[in-house]
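Enquirer:
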């Protein structure tokens with residue numbers, strides 16, 4: 069009761085638990101997008117010279133997977149070592165991509181409870197390059213995922229495929 | 069000094085001030101997107117049967133403008149009364165759309181300091197329909213803006229136009 073009252077009075081408007089649920093909710097939408105793509109179009113379809121959706125997904129994974137280590141421990145991979153820069157080891161099928169996605173989902177859930185609450189407001193330098201409070205890195209990864217996934221909605225629509233509902237985060 | 073220490077210890081990871089700056093930062097990117105569109109394509113260009121970007125922008129305005137009253141006062145417009153459902157009063161030129169956009173920017177900045185900090189964590193029903201803590205409504209409006217604006221990036225790219233940088237929120 070006491071801690072509830074305190075958190076109402078404090079200027080907290082997004083708890084670590086709510087941020088995790090928000091992120092994983094968006095990641096569930098992205099997973100449904102991967103599933104909605106035809107196998108071949110996932111890896112080759114493009115409009116206006118933009119990347120295929122699988123490459124965007126690898127960018128999401130390339131930030132979230134090593135990023136979670138940085139968030140939890142303060143040890144960051146260098147930008148050039150991020151997974152999405154090593155195209156030779158990218159998944160080559162939808163099944164492999166979904167498996168990689170699910171592995172990251174589990175990693176996020178596993179490391180999240182190990183992050184001390186005050187860690188989210190600490191200043192750090194993500195991947196040795198971007199400075200700011202730790203929560204801002206996670207926000208950026210989420211925003212980046214929404215942004216590029218929105219682009220993939222156009223890919224699907226132009227292929228005549230109904231995308232999953234944006235508002236359904238279940 | 070004392071309040072700084074307290075906010076570090078509390079599980080606050082997104083203060084009202086940070087949320088406002090986050091929102092307005094995204095809105096600055098959206099404004100640059102409006103500017104980047106050719107006048108006619110802003111109102112007619114479409115891929116895959118999706119809406120032109122101006123209609124998406126009116127949806128952002130249609131949530132943010134009356135939504136700010138709801139956030140600040142608890143009095144919500146009904147869904148059917150939202151501005152983006154009254155197409156007959158939509159701006160018909162880029163200049164008018166930008167003016168409307170800037171009016172909402174000012175409204176958000178004007179009302180924001182009037183929102184009591186604890187209001188963001190209060191449960192309410194946005195536009196008489198969506199239940200949740202107040203901060204979650206604002207988050208949804210931001211996410212919705214990122215999502216559809218990302219779609220407009222594909223529109224611009226397919227028109228051979230370089231969109232503004234996603235990461236630049238200045």
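Residue numbers (my numbering), protein chains in the order written: chain A, 69 to 238; chain B, 69 to 238. Beta carbons are placed, not taken as given, at the ideal position from N, Cα and C, and that holds for glycine. Predicted model only: the values in this text are computed from it and were never measured.
Let me know the alpha helix (DSSP H) ranges lying completely inside the region 103-133 of chain A, each 4 residues or longer, listed in chain order.
Expert: 107-112
Enquirer: Would residue 219 of chain A count as contacting chain B if we go by Cβ distances under 9 Å?
Expert: yes
Enquirer: Whole angstroms are fine: how far does the CA of residue 142 of chain A sit from the CA of residue 138 of chain B?
Expert: Separation of residue 138 of chain B and residue 142 of chain A (C-alpha to C-alpha, rounded to the nearest whole angstrom) is 40 Å.
Enquirer: Where does residue 189 of chain A land, buried or exposed, given buried means 16+ other C-beta within 10 angstroms?
Expert: Label assigned to residue 189 of chain A: buried.
Enquirer: Relative to the alpha-carbon of residue 172 of chain B, which residue among B:94, B:203, B:214, B:129 has its alpha-carbon at the smallest distance?
Expert: B:129
Enquirer: What are the boundary residues of the beta strand (DSSP E) that includes residue 177 of chain A?
Expert: Per DSSP, residue 177 of chain A belongs to no beta strand (DSSP E); it is in the alpha helix (DSSP H), 162-179.
Enquirer: So with CB distances below 8 Å, who are the chain B contacts of residue 214 of chain A?
Expert: Residues of chain B passing the Cβ test: 211, 214, 215, 218.
Enquirer: Pull out every residue of the region 172-198 of chain B whose Cβ sits closer than 7 Å to any Cβ of chain A, in chain order.
Expert: 185, 186, 188, 189
Enquirer: Quick one: what's residue 296 of chain B bridged to in DSSP?
Expert: Look at the range of chain B in this structure, 69 to 238, and you will see that residue 296 of chain B is not part of it.
Enquirer: When the cut-off is 9 Å and only beta carbons count, does residue 157 of chain A lie next to chain B?
Expert: no
Enquirer: So, using beta-carbon positions, are residue 296 of chain A and residue 135 of chain A closer together than 9 Å?
Expert: Here chain A covers residues 69 to 238 and nothing more, so residue 296 of chain A does not appear.
Enquirer: For the ligand MG, is there a heavy atom less than 8 Å away from the beta-carbon of residue 153 of chain B?
Expert: The model on display carries no ligand, and the ligand MG is accordingly not part of it.
Enquirer: What do you get for residue 74 of chain B, buried or exposed, if any count of 16 or more other CB atoms within 10 angstroms of its CB means buried?
Expert: Its pLDDT being 43, under 50, residue 74 of chain B is placed unreliably by the model, and nothing is read from it.
Enquirer: Under 8 Å between beta-carbons, which chain B residues line up against residue 88 of chain A? List them in chain order, please.
Expert: Under the 8 Å cutoff, chain B gives no residues; its nearest Cβ is about 11 Å from residue 88 of chain A.
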